[in-house]
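Notes follow once the structure below has been shown.
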Amino acid sequence: MEPKRPIKLNPRIIIYNVDKDISGEELKEYLIKQNTELEKAEIEVKFSMNAKYGMNWVLSIDPDSYQKLMKTKKVNIQCSRKNIKEYIKITQCINCLKLGHTKRTCNMEKCCSKCGKQGHIQSECKAKENNCVNCSHANDIHKLKLDTRHNSHDKECACKGRELENLKRRINYG
1 MEPKRPIKLN
11 PRIIIYNVDK
21 DISGEELKEY
31 LIKQNTELEK
41 AEIEVKFSMN
51 AKYGMNWVLS
61 IDPDSYQKLM
71 KTKKVNIQCS
81 RKNIKEYIKI
91 TQCINCLKLG
101 HTKRTCNMEK
111 CCSKCGKQGH
121 IQSECKAKEN
131 NCVNCSHAND
141 IHKLKLDTRH
151 NSHDKECACK
161 GRELENLKRR
171 INYG
């Protein structure tokens, strides 16, 4: 029995400030009809988010089309050019603050994003120093020496950087 290779995911892009009146299906049609590099694209609309000027849409797209789009970082939709970029989101639980899952599946106690201790939240924290729960956990489990003196939500967290690299390894860029 041969071990199976993990299936790689298609890259995702985010399209910024799309008119609120455009549905996901309409967006897909506009992309294919108005962008020659997307005529044969495999596009899957994932979700949208409210933005200051319309909606931001996240799409999954085949690797070849992704490579073409990343050269211009723009797409035509109706009568305008919209900015795009790669969309990779690290999942972080808002309950225990650990990476890789959400509150919906979490069975751990609430954790403070400042000190990393359970039983209270940041607004109730009396600690003077920051202590990242993820870096502390990685140091304990893997005997690392990561700097823990930052908030668990910090974008520069070493554990978040590692998680981002792991996510990128699972994407098929072609």
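Reminder that position 141 of the sequence shown reads as 141 in full-length UniProt numbering, one-by-one numbering, no gaps.
Think of the CB as a built atom: it goes at the ideal place given N, C-alpha and C, for glycine as much as any other residue.
{"query": "Once the 5 residues before and after residue 177 are set aside, which same chain residues still bring their CB inside 8 Å of it?", "result": "Here the chain has residues from 1 to 174 only, and residue 177 is not among them."}
{"query": "Could you give the DSSP three-state label for Cys-159: helix, strand or coil?", "result": "helix"}
{"query": "Inspect the beta-carbon positions of Lys-71 and Leu-59 and report whether they are closer than 8 Å.", "result": "no"}
{"query": "For Tyr-173, which residues from the same chain have a beta carbon less than 8 Å from its beta carbon, with the 5 sequence-adjacent residues on both sides left out?", "result": "Pro-11, Pro-63, Tyr-66 and Gln-67"}
{"query": "Helix or strand or just coil, what does DSSP make of Arg-149?", "result": "coil"}
{"query": "Please state if the CB of Pro-6 and the CB of Arg-162 are separated by a distance shorter than 8 Å.", "result": "no"}
{"query": "Taking DSSP's pairing of strands, which residues face Gln-92 in a bridge?", "result": "Leu-99"}
{"query": "What did DSSP end up calling Cys-135 once you bin it into helix, strand or coil?", "result": "helix"}
{"query": "Give the single residue among Gly-54, Gly-119, Lys-82 and Ile-22 whose Cα lies nearest to the Cα of Asn-35.", "result": "Lys-82"}
{"query": "In angstroms, rounded to a whole number, what distance separates the CA positions of His-120 and Cys-112?", "result": "6 Å"}
{"query": "With distance defined between alpha-carbon atoms, name the residue in Lys-114, Asn-139 and Cys-159 nearest to Lys-128.", "result": "Lys-114"}
{"query": "Could you compute how far the alpha carbon of Ile-61 sits from the alpha carbon of Ile-22?", "result": "19 Å"}
{"query": "Would you grab the beta carbon distance between Leu-167 and Ile-90 for me? Rounded to a whole angstrom, and I think it's under 8 Å.", "result": "7 Å"}
{"query": "Taking the alpha-carbon of Ser-48 as reference, which of Leu-27, Cys-157 and Ala-138 has the nearest alpha-carbon?", "result": "Leu-27"}
{"query": "I need the DSSP call for Ser-48, collapsed to helix, strand or coil.", "result": "strand"}
{"query": "Do Leu-97 and Val-133 have their C-beta atoms within less than 8 Å of each other?", "result": "yes"}
{"query": "Can you name the start and end residues of the beta strand (DSSP E) that Ser-113 belongs to?", "result": "Looking at the DSSP string, Ser-113 is not in any beta strand (DSSP E), and its letter there is neither H nor E."}
{"query": "To which residues does DSSP link residue 184 through a beta bridge?", "result": "Residue 184 lies beyond the stretch modelled for the chain, which goes from 1 to 174, so this question has no answer here."}
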